[in-house]
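Accompanying notes for the structure given below.
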Amino acid sequence: AQSVTQLDSQVPVFEEAPVELRCNYSSSVSVYLFWYVQYPNQGLQLLLKYLSGSTLVKGINGFEAEFNKSQTSFHLRKPSVHISDTAEYFCAVSPQGGGFQKLVFGTGTRLLVSP
Amino acid sequence: EAGVVQSPRYKIIEKKQPVAFWCNPISGHNTLYWYRQNLGQGPELLIRYENEEAVDDSQLPKDRFSAERLKGVDSTLKIQPAELGDSAVYLCASSFRGPGNTIYFGEGSWLTVV
């Protein structure tokens with residue numbers, strides 16, 4: 006089974022400041038890793054995903070994440086945030102193999118960007 | 035291209051009443067998912083379909099929840115009777131079959147049981 010821990014339930018930050026949202030996971034098998042964003046009253050939108058290859062993954066809206074296998078982490082970063090980045094961010098994992106996709110989500114981190 | 039379409043967006047019902055949610059996945063996606071998202075939590079899988087077959091429904095409370103995916107396209111999730119604890123957002127999603135493929139989510143159906 007897999008589990009995902011997002012230690013920070015809320016991260017306040019000022020506009021144009023850098024931000025890091027932390028994600029750690031636990032799994033007995035290799036996993037794929039994902040970050041989704043959820044704007045108020047909307048569904049989830051994929052920011053980026055790690056399947057294989059380079060451990061630094063770039064996504065939409067200037068976000069990037071780095072996979073660290075030894076620390077079982079997949080932290081999300083952005084060098085300069087905008088007001089419009091205010092949203093809920095979810096880290097998720099899915100087991101490799103098995104022929105199917107099954108996302109297990111963390112509890113989310115609310116990013117609050119203020120002027 | 036249209037994304038995953040869900041209806042209704044919002045529903046308020048009294049406890050013990052039935053409710054149904056409808057989902058139209060992205061064209062060509064053979065895998066369809068229903069997730070439930072409680073307030074302040076991440077989504078949790080209720081059921082996964084491969085074409086018209088429910089292949090993972092271990093988290094679906096079968097005493098009151100049912101789902102179907104006729105002809106392997108649209109899907110309906112039903113709750114009967116609804117309980118106060120069923121208040122949540124019900125998210126439909128779809129993807130091509132196989133690990134690593136992106137799962138696309140609809141905007142969700144927000145259920146409030148009073």
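Protein chains in written order, with the working numbering: chain A, 6 to 120; chain B, 35 to 148.
Beta carbons: idealized from backbone N, C-alpha and C, even for Gly.
Since the model is a prediction, treat every value here as computed from it, not as a measurement.
Neighbour flag for residue i against chain A, beta carbons, 8 angstroms
i             : result
residue 139/B : yes
residue 97/B  : no
residue 90/B  : yes
residue 103/B : no
residue 145/B : no
residue 79/B  : yes
Within chain B, the residues that residue i reaches when beta carbons sit closer than 7 angstroms
i            : result
residue 64/A : Those within 7 angstroms of residue 64/A in chain B number zero; the least Cβ separation is about 12 angstroms.
N-terminal and C-terminal residue of the beta strand (DSSP E) that residue i is part of
i             : result
residue 21/A  : Neither: residue 21/A is in no beta strand (DSSP E) and is coded neither H nor E.
residue 44/A  : Here residue 44/A belongs to no beta strand (DSSP E), and DSSP marks it neither H nor E.
residue 82/A  : 78–83
residue 96/A  : 92–100
residue 100/B : 99–102
residue 58/B  : 53–58
residue 45/B  : 44–47
residue 90/B  : 87–90
residue 62/A  : 61–63
Same chain only: Cβ atoms within 6 angstroms of residue i, ignoring 5 sequence neighbours per side
i             : result
residue 123/B : 71, 142 and 144
residue 17/A  : 117
residue 62/B  : none
residue 49/A  : 41 and 43
residue 83/B  : 66 and 103
residue 84/A  : 23
8 angstroms Cβ cutoff, residue i in contact with chain B
i             : result
residue 56/A  : yes
residue 95/A  : yes
residue 116/A : no
residue 53/A  : no
9 angstroms Cβ cut-off: residues of chain A touching residue i
i            : result
residue 75/B : 110, 112 and 113
Contact list for residue i against chain A, beta-carbon separation under 8 angstroms
i             : result
residue 129/B : 106
Within chain B, partners of residue i - CB distance below 9 angstroms
i            : result
residue 99/A : 133, 134 and 137
Amino acids of chain A, ordered along the chain, whose beta-carbon sits closer than 7 angstroms to that of residue i
i             : result
residue 150/B : Limits of chain B in this structure are 35 at one end and 148 at the other, which puts residue 150/B out of reach.
Sequence-distant residues of its chain with Cβ nearer than 7 angstroms to residue i (five each side left out)
i             : result
residue 35/A  : 101
residue 100/B : 112
residue 51/B  : 115 and 116
residue 120/B : 113, 145 and 147
residue 51/A  : 39 and 41
residue 129/B : 63, 65, 135, 136, 137 and 138
residue 87/A  : 20 and 118
residue 110/A : 9, 95 and 97
Partner residues on chain B for residue i, Cβ-Cβ distance less than 8 angstroms
i            : result
residue 37/A : 133 and 134
Cβ shell of residue i (< 8 angstroms), same chain only, five flanking positions each side left out
i            : result
residue 47/B : 53, 116, 145, 146, 147 and 148
residue 14/A : 112, 113, 114 and 115
residue 96/B : none
Any chain C beta carbon closer than 8 angstroms to residue i
i             : result
residue 110/B : Chain labels in this structure do not include chain C; the protein chains are A and B.
Which residues of the region 45–69 of chain B have a Cβ closer than 9 angstroms to any Cβ of chain A? Give them in chain order. 65, 67 and 69
Can you give me, in chain order, the residues of the region 112–125 of chain B that have a beta carbon less than 7 angstroms from any beta carbon in chain A? 125
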